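Enquirer: Going letter by letter, the sequence shown gives residues 3 to 162 in the working numbering.
Here a beta-carbon is modelled for each residue, glycine too, at the ideal position from N, C-alpha and C.
Values in this document were obtained by computation on a predicted structure and should not be read as measured data.
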Amino acid sequence: MEITMEENVKQFKEIAKRVLYDKGGLTPLLCGILADNKFTCLPITIDDTSDKRAKFAIAQEMLRLLGARIIIAVFDSYYVKPDNTTKDKSVTTFAPSEHPQRKEALCIVSKSADENQMIIVPYHKEKGFIVFEDEITYKSGQPDAVLVDNLLSTILTNQN
């Protein structure tokens, strides 16, 4: 019986949270779930933005050649929550890593033939410990899911 994308993402999210909490950092991973529920993960070291796109594209192609039915990217990033009451345009003016109201966040981006999803788990450090905040989930097909589809098409190019 195949494990669903939702179940796989939940497992990877909990492992990533534990690693982030214990180690204080997280190596970006691109993981493929194969037809037999086995998985393979490729760590991605990133030097700059162009390097990131190239490395994710190569790793994604490797996973596709292995027959991955689900691809999951797990990484530590920044998140900026838009202020919908004032139509805050600064969210798109600044890169999230440079935005004055940025928060650190664990991101889990997943894609299958049927679904795209992104989970953002903002966190902050308090007395030397990581405190996770409420997670935000975007799924393809939802009115607010444009960001997810754009991000997935950037990270996971030529998925079809």
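1. For residue 117 versus residue 80, is the C-beta spacing smaller than 8 Å?
2. Which one or two residues does DSSP pair with residue 81 in a beta bridge?
3. Which residue wins for smallest C-alpha separation from residue 47, given the options 76, 11, 68?
4. In terms of residues, what are the limits of the beta strand (DSSP E) holding residue 1?
5. Count the other CB atoms, across all protein chains shown, that sit within 10 Å of the CB of residue 15; report buried if there are 16 or more and exposed otherwise.
6. Quick one: Cα of residue 135 to Cα of residue 33, how far?
7. Who are residue 112's beta bridge partners in DSSP?
8. Helix, strand or coil, according to DSSP, for residue 15 in the structure here?
9. Given a cut-off of 8 Å on the beta-carbon distance, is the pair residue 68 and residue 44 in contact?
10. Looking only at C-alpha atoms, which of 122, 129, 127 sits nearest to residue 138?
11. Would you please state the rounded distance, in angstroms, between the beta carbons of residue 23 and residue 132? I believe it to be under 8 Å.
Expert: Concretely, from the data shown:
1. Residue 80 is positioned such that its CB atom lies no closer than 8 Å to that of residue 117.
2. According to DSSP, which records beta bridges pairwise, residue 81 is partnered with 105.
3. Ranked by how close their Cα comes to the Cα of residue 47, the residues 76, 11, 68 have 76 in first place.
4. Any question about residue 1 goes unanswered here, given that the chain covers just 3 to 162.
5. Counting the other CB atoms within 10 Å of its CB gives residue 15 a total of 16 or more, which places it among the buried residues.
6. Whole-angstrom Cα-Cα distance: 24 Å.
7. Paired residues: 74, 119.
8. Here residue 15 sits in helix by DSSP.
9. One thing to note: residue 68 has its Cβ no nearer than 8 Å to the Cβ of residue 44.
10. Minimum Cα distance to residue 138 is reached at 122.
11. Going by Cβ atoms, the distance from residue 23 to residue 132 rounds to 5 Å, so yes, they are a contact pair.
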